[in-house]
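See structure below.
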Amino acid sequence: MSRLEATAATLLAVGFLAYLGYTRRVAPTASCGCLGAQPTPVSGRSLFRAGLLVLAGALALTGTAAWFDALADRPAAGTAVLLAELAVVVALSPELDATWLLPLRRLRARLTHPLRGGSGVPLLASVQQLQLSDVYRRVAPLLRSDVREHWDEDGWRFAAHAARYQGRPATAVFAVPLADPEPAAVRVALVDDATGQTLLSLAGTPPATGGRLTVVPA
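When we follow UniProt numbering, the leftmost residue of the sequence shown carries the number 1, and every step to the right adds one.
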């Protein structure tokens, strides 16, 4: 590539970067139109890709030989560099996400089962069980979030919610038995976020004894 060609390519990349920045500011939902007709708005990835093109053009200005001559001299290294550059361009192109990123996400969902806990019981099933429980109805006015985190231990699934008790930030930790699908078996404890003190503990009585709640002193 001659110096004139490298200069033209660099100026073109700078102009394109400026265009993308302007478009994102005045029309953030407008399509980039960078690669095909995909209706993809200008994103940080698009700007970063354009910035790399500017950098590549600037590096070409300092070169003393054509890229194809360098590729012929070192074919293995040159091919590796070209493949790496292609991978970077693809990764920074939201327009191509449907080609590679979405299939990877679907594959990950099939392999990891995001709604399945470590025991094999779906998390959604545990959430439905606790939401049908009497203890959940008792503490529902105190809750300030959905499930924030969950873990399995000793045959129980624990689900933590943000809560507020008597004006104090707290965490409501529900214990759902993995082997018992009855909502009456669900327990809950409210823990003070500042001190770690248990503020309230409720346990559902098994259906065989009447299905009423037992309040466990904190």
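For glycine and all other residues, C-beta sits at the position ideal for the given N, C-alpha and C.
Assignment of residue 153 by DSSP, reduced to helix, strand and coil, places it in the strand class. For residue 175, no alpha helix (DSSP H) segment is defined; the enclosing uninterrupted segment is the beta strand (DSSP E) at 168-177. Between residue 176 and residue 129, the CB-CB gap stays under 8 Å.
Remark: C-beta atoms of residue 202 and residue 106 do not approach each other more closely than 8 Å.
Residues of the same chain with a CB within less than 7 Å of the CB of residue 23, apart from the 5 flanking positions on each side, are 30, 42 in chain order.
For the options 74, 14, 60, the alpha carbon positioned closest to that of residue 48 is the one of 14.
Using a Cβ distance threshold of 8 Å, residue 189 and residue 204 do not count as a contacting pair. Across the structure, residue 98 and residue 104 are spaced so that their CA atoms are roughly 10 Å apart. Counted as a single uninterrupted DSSP element, the beta strand (DSSP E) harbouring residue 191 occupies residues 187-192. Residue state for residue 138 is assigned as helix, using DSSP reduced to three classes. Using a Cβ distance threshold of 8 Å, residue 9 and residue 57 count as a contacting pair. Around the beta carbon of residue 126, 16 or more other beta carbons lie within 10 angstroms, which makes this residue buried. Cβ-Cβ distances below 8 Å link residue 147 to 123, 127, 159, 160, 161 in the same chain, with the five nearest sequence neighbours on each side left out; the list follows chain order. If you look at residue 44, you'll find it in the alpha helix (DSSP H) that goes 44-62. Taking a C-beta distance under 8 Å as the contact criterion, residue 72 and residue 6 do not qualify as a contact pair.
Taking all protein chains in view, the Cβ of residue 94 is crowded by 16 or more other Cβ atoms within 10 Å, so the residue is classified as buried. Annotation: residue 134 to residue 108 spans about 36 Å, alpha carbon to alpha carbon. Classified as buried, residue 187 has 16 or more neighbouring CB atoms from the shown chains inside 10 Å of its CB. Under the DSSP assignment, residue 198 falls outside any alpha helix (DSSP H), being part of the beta strand (DSSP E) whose first and last residues are 198-204.
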